[in-house]
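Numbered according to this note's numbering, the sequence shown spans residues 4 to 95. We put the CB at the ideal spot given by N, CA and C, even for glycine. Given the structure is predicted, the values throughout are model-derived calculations rather than measurements. Below you'll find the structure, written out as C-alpha cells, and then a few comments.
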Amino acid sequence: MKISPNKFYWLILRVGDWEKKGRCNHLTVRELLPEEKEALGPESEGATHVARFFDFEAYRQIIGTIREEDDEHLVFDMGEGKSYEFREFRRS
C-alpha cells in the first residue's frame, strides 16, 4: 500500500476476536534502525517496523511486524493476538 501522510486511513484494531474501527492520519511506516532494536531489548524480539499515526486523540507509535501488505491494506502485527489494519479512507 502506498502510504501518504496527507491522507486519512481506516484504522482497525484487533485483539483476539474483538475489534474497534476508527480513523487516523499522518501515517508513516518505516523499518526499525539497528540501534532502536538494541534499545528495545528482548521483549520486542522479531519486531521489524515502526508505525506512527495520529488517531485524533494523540500521536501513537507502535512497534511490530508487517504481516500483510497489498494495494488495499496493511496489517501490522504486534504479537499476542493484537494487530492494526490500515486502509485508505474512501467516502462511499
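Taking C-beta atoms as the reference points, L35 and I6 fail to come closer than 8 Å. Its chain contains I15 as the residues whose beta carbon lies nearer than 6 Å to that of K24, once the 5 sequence neighbours on both sides are disregarded; these appear in chain order.
Pairing E41 with G67, the inter-Cα distance amounts to about 14 Å. Counting the other CB atoms within 10 Å of its CB gives D80 a total of 16 or more, which places it among the buried residues.
Burial state of Y87 is buried, judged by a 10 Å Cβ sphere holding 16 or more other Cβ atoms.
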